[in-house]
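What follows is one structure encoded as structure tokens, with my remarks underneath.
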Amino acid sequence: MEEIGKPTLLMQLNQMLLIRNLEIRGEAAYQQGKVGGFYHSYIGQEAIQVGCVAAVGVQHWFTTTYRCHALALLLGVTPNEIMAELYGKATGNAKGRGGSMHLFADRMLGGLAIVGGHIPIATGAAFSIKYLKRKDIASFCFLGEGAVAQGAFHESLNMAALWSLPCIYVIENNHWGMGTAVERAIAVSPIAEHLANSYGIKSYSVDGMDFFACYALFKEVLNEVLRTSQPLLIEAVTERFRGHSISDPGLYRSKEELQKAMERDPVLLMKAALIENKMLSEEEFEEMDRKQREIVLAAMKFADESPWPDPVALEEGVFAP
Amino acid sequence: MELQNIEIREALRQAIDEEMTHDPRVLIMGEEVAQYNGAYKVTKGLLDKWGPMRVVDTPISENGFVGLAIGAALTGLRPIVEFMSWNFSFVAADQLISNASKIYYMSAGRFHVPIVFRGCNGSAAQVSCQHSHCVEAMYGNLPGWVIISPSNAYDAKGLLKSAIRFNNPVLFLENEPEYGDKMDIPTDEYTIPIGKAKVIREGRHATLISYSRMIKFCLLAAKELAKKGFEIEIIDLRTIKPLDIATVAASVRKTHRAVLVEEGHLFAGISAEMGFQIMEHCFDSLDAPLVRVCQRETPMPYSKVLECQTIPNPERIIAALETVLL
């Protein structure tokens, strides 16, 4: 904790709070009919991607799933752009063409929403890194444990191991592929350990609710991958506090189970650690949370007041010049 | 102009080799493209010349390596992906459809996908129903990519070079039975613009519109009809999508009759689309209903007797022309 330093830690807690507030308000906007389509909240899993980006920086390639709001924020997409995209407005991250599941940043290849379909894409980014002889960056691929059942996952691991591609695959195991419990979908446990063995690569497991554990692990594995140019498989064990998407009431999970999971809320765990180390007071935390809420409320106002995309431009931009 | 007499496979190889020379970001990957020199020898010698980083043998993982190539295209490279046959592209359909054709639009232009997918399409010699698909109508239904299907060595080389330089996905459809077809083409470099059809035989009584391997059958049919005094115009589409309807319409307005020939199936095929567009542009010029000659609505049978009956053949094209002429 001393090593990371107070200013960085507070900044990362801020990021967690920003994500948390954006998801809460995004869902509220959905309930008001301002956001359509599917909405997959990252609430509960924040420590993983916040810890990762804090540890490795933003210069790498990143690819993730439909649960993509947090990563976009962390890679520099503004709350305004994200909220406007959720609202389907012209000022959105993808001018209202992508929506909740398809956010992009200069180093973020999506926001790709077919389960497992983004894993070869991230592997291709690692291929480019190797082809272009870049020794200073890696490709990060976040996936849910449900995607482990897809052929694309196994094909990617095989090629990455075969060709020594600097790709870090992060299974965010939140225990549920929509309403199917992981033990009903994946034959082995722990997942990463078993499957990494199959492809002759290394694996790590980490408590995905613990920012500090995630931060430390990502710092270490980045160095390792840059040194060895070998892919790695990480399993971050986590919990999503919401349904699979907003339309999922989560009836498959008991209230007690969820309550127990929420006792290890990554935001509260980080807060408690900072308070214990006298880096933060309860009042300061409340103030931070309030500020992030205000940023998100301002983003909602921005999105509300932004123009709709002009239907005249509907057919523009199908092809690159 | 200096000429060389070469096969289609050599024309394709030259296109790849020249573009790899011009741009170090161009690479080719696929099953057996490197050490084996290509299942159909299109990539012969490229591994020796360019090495394993730019001529990449892949495992038999179409979904994986197509996605990988798209990821590489998004991050600065310009891959050419060889499908040993387009039939295997179905294994990679998710990557093609959900990613390659969509990412430029859905990222609002942040990422473009400069990539060429190429390989042999349609039937070969008795390879039966799982290895004989024509994919152009299936993929042609989706926006976001270009579909090219040349019928000769000159077009194959010039169009493949344009495809490699294009900043969007291109589906480049070749034909296994035609790889050995020879033609005199320039030794100097040239390109052919995407999206331009070509009148390859002029005539005034009816227009035959087709592409790729079926052009050969159209030429045979036109020769037969010439014996009966009919001058048949033939248009080689070369690029299927975008469809060069201007060239097609100009010809139909001249001849007032048209037969559309497509190796693939009838239902919702390329000729269904083309016929509709002809109706939109040339309704008042038509003196006879349009007629289609397509693959019959059966999976491809193995027996050669049946195979040549289910795909269009010169006899069926002649019969169709007689229907519109008489």
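The listed protein sequences correspond, in order, to chains A and B.
For the first sequence, the working numbering gives the first residue as 1123, with consecutive numbering after it.
For the second sequence, the working numbering gives the first residue as 3, with consecutive numbering after it.
Idealized CB from N, CA, C, for every residue including glycine.
Note that the structure is a prediction, hence the values are computed from the model and not measured.
Assigned secondary structure, residue i (DSSP; H/G/I helix, E/B strand, else coil)
{"i": "Lys1400(A)", "result": "coil"}
{"i": "Tyr1291(A)", "result": "strand"}
{"i": "Asn1202(A)", "result": "helix"}
{"i": "Met1392(A)", "result": "helix"}
{"i": "Met31(B)", "result": "strand"}
{"i": "Leu175(B)", "result": "strand"}
{"i": "Gln6(B)", "result": "strand"}
{"i": "Ser1325(A)", "result": "strand"}
{"i": "Trp1298(A)", "result": "strand"}
{"i": "Ile187(B)", "result": "strand"}
{"i": "Leu1254(A)", "result": "coil"}
{"i": "Ser100(B)", "result": "helix"}
{"i": "Leu1195(A)", "result": "helix"}
{"i": "Val1310(A)", "result": "coil"}
{"i": "Leu288(B)", "result": "coil"}
{"i": "Ala1212(A)", "result": "coil"}
{"i": "Lys1503(A)", "result": "Beyond the ends of chain A as shown, which are 1123 and 1443, falls residue 1503(A); an answer cannot be given."}
{"i": "Gln1414(A)", "result": "helix"}
{"i": "Lys1217(A)", "result": "coil"}
{"i": "Trp1430(A)", "result": "coil"}
First and last residue of the uninterrupted beta strand (DSSP E) at residue i
{"i": "Tyr1321(A)", "result": "Neither: Tyr1321(A) is in no beta strand (DSSP E) and is coded neither H nor E."}
{"i": "Arg203(B)", "result": "Lys200 to Arg203"}
{"i": "His267(B)", "result": "Ala260 to His267"}
{"i": "Glu1379(A)", "result": "Not the beta strand (DSSP E): Glu1379(A) falls in the alpha helix (DSSP H), residues Lys1377 to Met1384."}
{"i": "Thr1186(A)", "result": "Trp1183 to Thr1186"}
{"i": "Arg80(B)", "result": "Arg80 to Ser87"}
{"i": "Cys122(B)", "result": "Val118 to Cys122"}
{"i": "Ala1358(A)", "result": "Leu1354 to Val1359"}
{"i": "Gly1232(A)", "result": "Met1230 to Gly1233"}
{"i": "Thr243(B)", "result": "The amino acid at residue 243(B) is misidentified as Thr; the sequence shows Lys. It spans Thr241 to Lys243 - the beta strand (DSSP E) in which Lys243(B) sits, taken as one unbroken run."}
{"i": "Leu1436(A)", "result": "Note, Leu1436(A): premise wrong, no beta strand (DSSP E); not H, not E."}
{"i": "Ile196(B)", "result": "From DSSP, Ile196(B) is part of no beta strand (DSSP E); its letter is neither H nor E."}
{"i": "Ile149(B)", "result": "Val148 to Ile150"}
Opposing strand residues paired with residue i [DSSP bridges]
{"i": "Ile1241(A)", "result": "Partner(s): none; Ile1241(A) has no beta bridge."}
{"i": "Glu235(B)", "result": "Thr209(B)"}
{"i": "Gln297(B)", "result": "His267(B)"}
{"i": "Asp59(B)", "result": "Gly32(B)"}
{"i": "Thr45(B)", "result": "The partner list for Thr45(B) (beta bridge, DSSP) is empty, contrary to what the question assumes."}
{"i": "Ala1227(A)", "result": "Met1230(A)"}
{"i": "Cys1263(A)", "result": "Thr1185(A) and Tyr1291(A)"}
{"i": "Ala75(B)", "result": "Partner(s): none; Ala75(B) has no beta bridge."}
{"i": "Ala1303(A)", "result": "Trp1298(A)"}
Contacts that residue i makes with chain A (C-beta to C-beta distance below 7 Å)
{"i": "Ile72(B)", "result": "Ile1243 and Gly1246"}
{"i": "Arg240(B)", "result": "Simply none; closest approach about 18 Å."}
{"i": "Pro145(B)", "result": "Val1440"}
Cross-chain neighbours of residue i in chain B, by beta carbon under 7 Å
{"i": "Gly1273(A)", "result": "Asn65"}
{"i": "Trp1183(A)", "result": "Thr77"}
{"i": "Phe1160(A)", "result": "Within 7 Å Cβ-Cβ: nothing; Phe1160(A) doesn't reach chain B, min ~14 Å."}
{"i": "Ala1216(A)", "result": "Met108, Ser109 and Ala110"}
Interface partners of residue i on chain A, CB under 9 Å
{"i": "Asn169(B)", "result": "Phe1441, Ala1442 and Pro1443"}
Opening and closing residue of the alpha helix (DSSP H) in which residue i lies
{"i": "Met22(B)", "result": "Ile10 to His24"}
{"i": "Cys1174(A)", "result": "Glu1168 to Val1178"}
{"i": "Phe278(B)", "result": "Ile272 to Cys284"}
{"i": "Leu221(B)", "result": "Met216 to Lys229"}
{"i": "Thr1130(A)", "result": "Lys1128 to Gln1153"}
{"i": "Lys1341(A)", "result": "Phe1333 to Thr1350"}
{"i": "Val307(B)", "result": "Lys306 to Thr312"}
{"i": "Glu1124(A)", "result": "Careful: Glu1124(A) lies outside any alpha helix (DSSP H) and carries neither H nor E."}
{"i": "Asp157(B)", "result": "Ala155 to Arg167"}
{"i": "Ile319(B)", "result": "Pro316 to Leu327"}
Interface partners of residue i on chain B, CB under 8 Å
{"i": "Ile1204(A)", "result": "The contacting residues do not exist; Ile1204(A) stays about 13 Å from chain B at best."}
{"i": "Met1281(A)", "result": "Thr60, Pro61, Ser63, Gly66, Phe67 and Leu70"}
{"i": "Ile1293(A)", "result": "Neighbours of Ile1293(A) on chain B: none; closest Cβ ~17 Å, over 8 Å."}
{"i": "Gly1239(A)", "result": "Gly69, Asp96, Gln97, Ser100 and Asn101"}
{"i": "Gly1220(A)", "result": "Met108, Ser109 and Ala110"}
{"i": "Phe1424(A)", "result": "Within chain B, no residue comes near Phe1424(A); the closest Cβ sits about 17 Å away, beyond 8 Å."}
Buried versus exposed, by CB contacts within 10 Å (16 or more), residue i
{"i": "Pro152(B)", "result": "buried"}
{"i": "Tyr181(B)", "result": "buried"}
{"i": "Ser1376(A)", "result": "exposed"}
{"i": "Tyr38(B)", "result": "exposed"}
{"i": "Asp190(B)", "result": "exposed"}
{"i": "Ala1309(A)", "result": "exposed"}
{"i": "Gly1299(A)", "result": "buried"}
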